[in-house]
DNA sequence: CGATCTTACGGGATTCGTAAACATA
DNA sequence: TATGTTTACGAATCCCGTAAGATCG
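Protein chains in written order, with my numbering: chain L, 1 to 304; chain Y, 1 to 304.
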């Protein structure tokens, strides 16, 4: 009892039920009248009974046709809606993208980028998690994120990593600090000065420690939030070393930021995605948009 | 943006979503694998986007495919249900017939007929109105009845009448009445005896009056219900003249029923239906069943 | 007789299955 | 290399439109 039914048959049926004329209904569905007649006949065979009583002068629904009409209209409408929904997704007029982005990028660089994305695709919902690298990866793994911008390279069978941008480090100190005016600033110059550091599990800290190794820095304090770091530096407790993308935190008249030579100390930002499944249409649009919006190599960070 | 979508495509989609393998899904829908592949491709083109991420090793729904799946399943299910319902109607396993039948037929003859009909088509609902001829016709005209068995011939552009059966008349009297034993009973013999009559708007009364015209009968009483007539006759108030199909009302030891000669006094029962619309499948089945169950010409009426 | 549905039929597009090519683990 | 999907292609089928036929008012 394998049946087949097409929306064309249903459209023809509905048209005929409305027009009560093969000729007019055929025109409505852009078919010759005999072809239309055959279409109705095929539907009646499928259904197993006559749906219309036709004489040369009048066309009327049979009792069975009346019963079928409501079903036919409902099925047709739902099919059309389903298809229209899919086409909206395909046309990127609707959809949803979930991002997991390092807080530094999320606060400084991302807002303008997403604003432009939203202007291009106003119907696509955005879900941004501004979390540390580790959490970014976890969200990707559990499917809560489509794309992640994180600082850790992941090479598992399920995740795919590609370089996104690199981020030079800058010294942050008070305007009156000796290093603020030193001509050729180098990493080694920092050893003599007390440092305000970020927490050990932050990617920034790991980059810094790796860069000076085996040398060690004088850590006067460990903090979680960069805005707190800014306050401490302003208070003269020490200097700090942060990626260029986070410099907007230190945009203050009392503070000076000075770039360090990129070689040796440069953190890499990666774009990570799942390997097993492709990107949704919306996520693909986001991917392309992100790739076209790479932050300037040594940018001082866009302000929100 | 004229779209077309067939249940075959939806079945293929659902099969592939379940099986996650073109080969297995193709087998499930009885298609060669390449043909199946083309079917999926056609659906994806219709929808406007990829629905499956396929590598040679794995087939998975895309994000869009996941969205489509629920719609596809719903549309497919509703289409199948609609078609199954129609086939049940066509197979006469379900349906509904509305009859309008003269009370005489409805009480005496119809029950056995409908019992057999119901045994043949247990899924078809029956709606019987046991009303007088006039009402039968009215129900037909307003669409509340599919078929009517009435005593009046109707020849309008909307109704079609065909003879169904004829019904001879019988005298009903008490066993001790003079007419009970009269050898050759004739219509003229009744003139001398007081009659219990039915109401003037009943078809029986009209037949009787027409048959004796221009002669007149002695009307001692007019009643609406035959069972009341039976009581009156038993009480010795008079005799009565009723169609054979109603004789079951007079099945009593004190009463005698005697047939009158059929010529001159015989009422015709007609089967009436609408002219504009055909019969539903169920009504057609009923029509054929009724035609095959014609009451015996001079039957004394089947007992319920 | 006229308007309208059905049947007949030839041409063209679609779809099928087999076989070969291609891709990934 | 083996499994499984896509491509290639000839054949069968289906579907369309034109033209002729049938039917009811």
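Built from N, CA and C at the ideal position, the CB exists for glycine as well. All of these numbers come straight from a predicted model, not from anything done at the bench.
Asked, Found
"Ignore the nearest five residues each way along the sequence and tell me which others in residue 26 of chain L's own chain have a CB closer than 6 angstroms to its CB.", "33 and 36"
"Does the distance from the CB of residue 292 of chain Y to the CB of residue 146 of chain Y come in under 9 angstroms?", "no"
"Can you list the residues of chain L that residue 278 of chain Y reaches, using a CB-CB cut of under 7 angstroms?", "53 and 62"
"List in chain order: all unbroken beta strand (DSSP E) runs of 3+ residues lying wholly within the region 137-169 of chain L.", "147-150"
"Could you tell me which of Y:114, Y:71, Y:19 and Y:52 sits nearest to residue 288 of chain Y, measuring between CA atoms?", "Y:114"
"Name the residues in the region 67-81 of chain Y whose C-beta lies less than 8 angstroms from a C-beta of chain L; which are they?", "67, 68, 71, 72, 74, 75, 78, 79, 80 and 81"
"Under the three-state reduction of DSSP, which class applies to residue 194 of chain L: helix, strand or coil?", "strand"
"Below 8 angstroms on the Cβ atoms is my guess for residue 29 of chain Y versus residue 11 of chain Y; work out the distance and round it to an integer in Å.", "6 angstroms"
"Rounded to whole angstroms, what is the Cα-Cα separation between residue 159 of chain Y and residue 272 of chain Y?", "7 angstroms"
"Quick one: residues in its chain with C-beta nearer than 7 angstroms to the C-beta of residue 144 of chain Y, no 5 flanking neighbours on either side, listed in chain order?", "98"
"If you check the beta carbons only, do residue 149 of chain Y and residue 90 of chain Y fall under 9 angstroms apart?", "no"
"Note down the Cα distance separating residue 245 of chain Y from residue 21 of chain L, rounded to an integer number of angstroms.", "46 angstroms"
"For residue 121 of chain L, does the count of other Cβ atoms within 10 angstroms reach 16, so buried, or fall short, so exposed?", "buried"
"For residue 231 of chain L, return the contacting residues in chain Y, with the cut-off set at a CB-CB distance below 7 angstroms.", "Within chain Y, no residue comes near residue 231 of chain L; the closest Cβ sits about 43 angstroms away, beyond 7 angstroms."
"Would you grab the beta carbon distance between residue 83 of chain Y and residue 46 of chain L for me? Rounded to a whole angstrom, and I think it's under 8 angstroms.", "7 angstroms"
"With distance defined between alpha-carbon atoms, name the residue in L:106, L:269 and L:132 nearest to residue 126 of chain L.", "L:106"
"What's the C-alpha gap between residue 162 of chain L and residue 270 of chain L?", "6 angstroms"
"CB-CB under 6 angstroms to residue 222 of chain Y, same chain, minus the five flanking residues each way: which ones, in chain order?", "197 and 199"
"Spell out a yes or no on whether the region 224-240 of chain L and the region 165-175 of chain L are touching, meaning 3 or more CB-CB pairs, one atom from each, closer than 8 angstroms.", "yes"
"Find out if the Cβ-Cβ distance for the pair residue 7 of chain Y, residue 80 of chain Y is shorter than 9 angstroms.", "yes"
"Is the shortest distance between the beta-carbon of residue 21 of chain L and the beta-carbons of chain Y less than 9 angstroms?", "no"
"Taking the alpha-carbon of residue 71 of chain L as reference, which of L:279, L:13, L:42 and L:281 has the nearest alpha-carbon?", "L:13"
"Any beta carbon of chain L sitting closer than 9 angstroms to that of residue 91 of chain Y?", "yes"
"For residue 214 of chain L, which of helix, strand or coil comes out of DSSP?", "coil"
"Smallest Cα separation from residue 258 of chain Y: which of Y:290, Y:264, Y:169 and Y:165?", "Y:169"
"Residues of chain Y with a CB under 8 angstroms from the CB of residue 288 of chain L: which are they?", "Under the 8 angstroms cutoff, chain Y gives no residues; its nearest Cβ is about 16 angstroms from residue 288 of chain L."
"Any idea if residue 139 of chain L is buried or exposed, counting beta-carbon neighbours within 10 angstroms, 16 or more meaning buried?", "buried"
"Given that residue 3 of chain Y touches chain L, what residues does it touch there, using C-beta distances under 9 angstroms?", "7, 79, 80, 83, 84 and 87"
"From the beta carbon of residue 123 of chain Y, is the nearest beta carbon of chain L less than 9 angstroms away?", "no"
"So, at 7 angstroms on beta carbons, what are the nonlocal neighbours of residue 212 of chain Y in its own chain, with the 5 sequence-adjacent residues on each side left out?", "187"
"Can you list the alpha helix (DSSP H) stretches of 4 or more residues lying completely in the region 10-80 of chain L, in chain order?", "22-28 and 33-47"
"Below 7 angstroms CB to CB, which residues in the same chain sit around residue 298 of chain Y once its five sequence neighbours on both sides are set aside?", "For residue 298 of chain Y, the pLDDT reaches just 45, beneath the cut-off of 50, and the residue's location in the model is therefore unreliable, although a value from the coordinates is still provided. The answer, listed in chain order, is 168, 244 and 259."
"Rounded to the nearest angstrom, what separates residue 67 of chain L and residue 280 of chain L at their Cα positions?", "41 angstroms"
"Tell me, please, whether the CB atom of residue 305 of chain Y is closer than 9 angstroms to any CB atom in chain L?", "Outside the displayed range of chain Y (1 to 304) lies residue 305 of chain Y, so it cannot be described from this structure."
"Given residue 135 of chain Y, which residues of its chain have a CB within under 8 angstroms of its CB, disregarding the five upstream and five downstream residues?", "100 and 129"
"Between which two residues does the beta strand (DSSP E) carrying residue 244 of chain Y extend?", "Run containing residue 244 of chain Y: none; DSSP gives neither H nor E here."
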